[in-house]
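In terms of numbering that gives the first Met the number 0, the first sequence has 4 at position 5, counting the first letter as 1, and numbering is strictly consecutive. I have placed the structure first, in the form of structure tokens, so that the comments after it can refer back to it.
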Amino acid sequence: MDCFFVSCERIREPKLIGNPVIVGMGYVPGLSRGAVATASYEARAMGVKSAMTISKSISLISDKDIDPSSEKSGYYRPVDIQFYKEISGSFRSLLDEFSDTTRHIGIDESYLDVTKETNWESVLNFSQNIKETIEKTIGLPSSIGVSSSMCVSKIASAINKPSALVIVKPQNTKKFLQNLPIERLPGIGPVTSKSLHSMGINTIGELSKTPISELKYRYGSKGLDLANMANGNDRKKVFSMGPRKSISRESSLAKITINYDEKKEIIEKLSLDLGSRLAYSNTLFRTVSIKLIEPPYKIHTRTISVPNATNDVDVLKSSAIYLLNEFQETPARKLGVRISNLSLQDVNQTKLENWDV
DNA sequence: TCTGGGGTCCTAGGACCC
DNA sequence: TCTGGGGTCCTAGGACCC
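Rendered as structure tokens:
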């Protein structure tokens, strides 16, 4: 989806269409707080970028709801993740009608296996049809990339945003990737990118010429993935999502605190929050983790596993608090609780226990 | 540059088992 | 008392993604 959060706001508030729009996390209407989650393309053209502070953004584009007379003005809205999730759901089910094999990633991105289309002409029609249907029935603008691999399709979908349709035929893959910066490859973040630049590798073409042995030596299994992607040999298949591996809750503190009771209270609240999600599913957990971010940004994690899978909220809560004990004196800016090692409750559990007896 | 919330995968070391 | 080879599970941290 193109600037998904903004597009969602435009669905329920059409006056935002065509105007600069900024959706901010931690933003409170009327205050210059928080950071930019998503900016419309009109706002981006005026210099607003993701993750920029709202106050910086307001210095570029003032808030039209506050100052309607201003020449350079746009609309600011807080993130309403529940609403976006609803829209995401309808867009996913729409895509599921187009292909048996879909993989939905995050809130606004999906892969479709369209191998059954037999030629590129039909792929083009198919893709245009999807794009128009999403636009007409849900009101969402989107960009689509088509190729013979997930990796190249992803890059292609992003290369001409917004509202783009890019098809890369197999014989053109090398040429397409050749001069793109390595940052376009999924899996290359700030750390890997810096490391590759230090080796003099700046484009995907240059990466593809680097000996695989060297990439493997420096980056382990990831090095092999990089080599494959750079050569357009990404063999990952589109498959539906497996079961969820972990569930977590975290929250940034209004103020950095060192006080143990305050930290404990937050950990308890997050645990209960997680627990309430378990109550209505038949999910069991075996492992509990906490996360504590110490200023300026040092991440600590502690983990403990219990012998038997459970959905007992008290076990969750007391485990989390037990783990917190090690950080009695540590200042925290953010705290989180996570459960993992998930399994589904076995309906025959009781029977089995009886057998054990 | 500063740092929201929810995830996944990988690595490396340690404990433990046969 | 010293310690092979092969394996599993657990934990802490890091990198990355939307």
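Built from N, CA and C at the ideal position, the CB exists for glycine as well. Computed from a prediction, not measured in an experiment: that's the story for all the values here.
Query                                                                                                                                                              : Result
Reducing DSSP to helix, strand and coil, say where Lys297 ends up.                                                                                                 : strand
Could you pull out every residue in the same chain whose Cβ sits closer than 7 Å to the Cβ of Lys263, ignoring the five residues on either side in sequence?       : Ile320 and Leu323
When the Cα atoms are used, what is the spatial distance from Ser251 to His299?                                                                                    : 14 Å
Check Gln27 in the structure and name its three-state DSSP category.                                                                                               : The sequence given here places Val at residue 27; Gln does not occur at that position. Val27 falls in the coil class under three-state DSSP.
When you compare the region 121–132 with the region 158–175, are there three or more beta-carbon pairs, one atom per stretch, that lie closer than 8 Å?            : yes
Is the region 14–27 touching the region 89–104, taking contact as three or more C-beta pairs under 8 Å?                                                            : no
Measuring straight from C-alpha to C-alpha, what distance separates Val356 and Ala308?                                                                             : The predicted model places Val356 with a pLDDT of 31, which falls under 50 and marks its position as unreliable; any figure quoted below should be read in that light. Taking the straight line from one Cα to the other gives about 19 Å.
I'd like the span of the alpha helix (DSSP H) that includes Ser192, first residue to last.                                                                         : Pro189 to Ser197
Buried or exposed for Pro19, please, with buried defined as at least 16 other CB atoms from any protein chain shown within 10 angstroms of its CB.                 : buried
Note the first and the last residue of the continuous alpha helix (DSSP H) segment covering Leu184.                                                                : First-last for Leu184: undefined, no H or E at that position.
Hey, is the region 237–250 in contact with the region 212–221, meaning 3+ C-beta pairs nearer than 8 Å?                                                            : no
With burial defined as no fewer than 16 other Cβ atoms inside 10 Å of the residue's Cβ, what is the status of Val336: buried or exposed?                           : buried
Just the Cα atoms here: how many angstroms apart are Leu277 and Leu341?                                                                                            : 11 Å
I need the straight-line Cα distance from Ser156 to Gly46, nearest angstrom please.                                                                                : 23 Å
Who are the Cβ neighbours of Lys55 in its own chain at under 6 Å, not counting the five residues just before and after it?                                         : none
Does DSSP put Leu139 in a helix, in a strand, or in coil?                                                                                                          : coil
For Ser39, I'd like the list of residues in its chain whose CB is within less than 7 Å of its CB, leaving aside the five on either flank, ordered along the chain. : Cys2, Val5, Pro19 and Val20
Could you check which residue in Ser109, Ile106 and Leu225 has the C-alpha nearest to that of Ile211?                                                              : Leu225
Which residue marks the beginning of the alpha helix (DSSP H) containing Arg91, and which one marks its end?                                                       : Ile80 to Phe97
Could you check if Gly231 is buried or exposed, using at least 16 other CB atoms within 10 Å of its CB as the buried criterion?                                    : buried
Could you spell out the range, first to last residue, of the beta strand (DSSP E) harbouring Gly73?                                                                : Ser72 to Pro77
Between Ser72 and Lys84, is the Cβ-Cβ spacing less than 7 Å?                                                                                                       : no
Let me check understanding here. Comparing Cα to Cα, which of Asp233, Leu59 and Ser194 lies closest to Ala44?                                                      : Leu59
Does Asp313 pass the burial test, meaning 16 or more other C-beta atoms within 10 Å, or should it be called exposed?                                               : exposed
Quick one: what's got a C-beta closer than 6 Å to Ile80's C-beta in the same chain, skipping five residues either side?                                            : none
Does the separation of the CB atoms of Ser69 and Ser61 fall below 7 Å?                                                                                             : yes
Considering only the beta carbon of each residue, do Ser141 and Ile133 sit closer than 7 Å?                                                                        : yes
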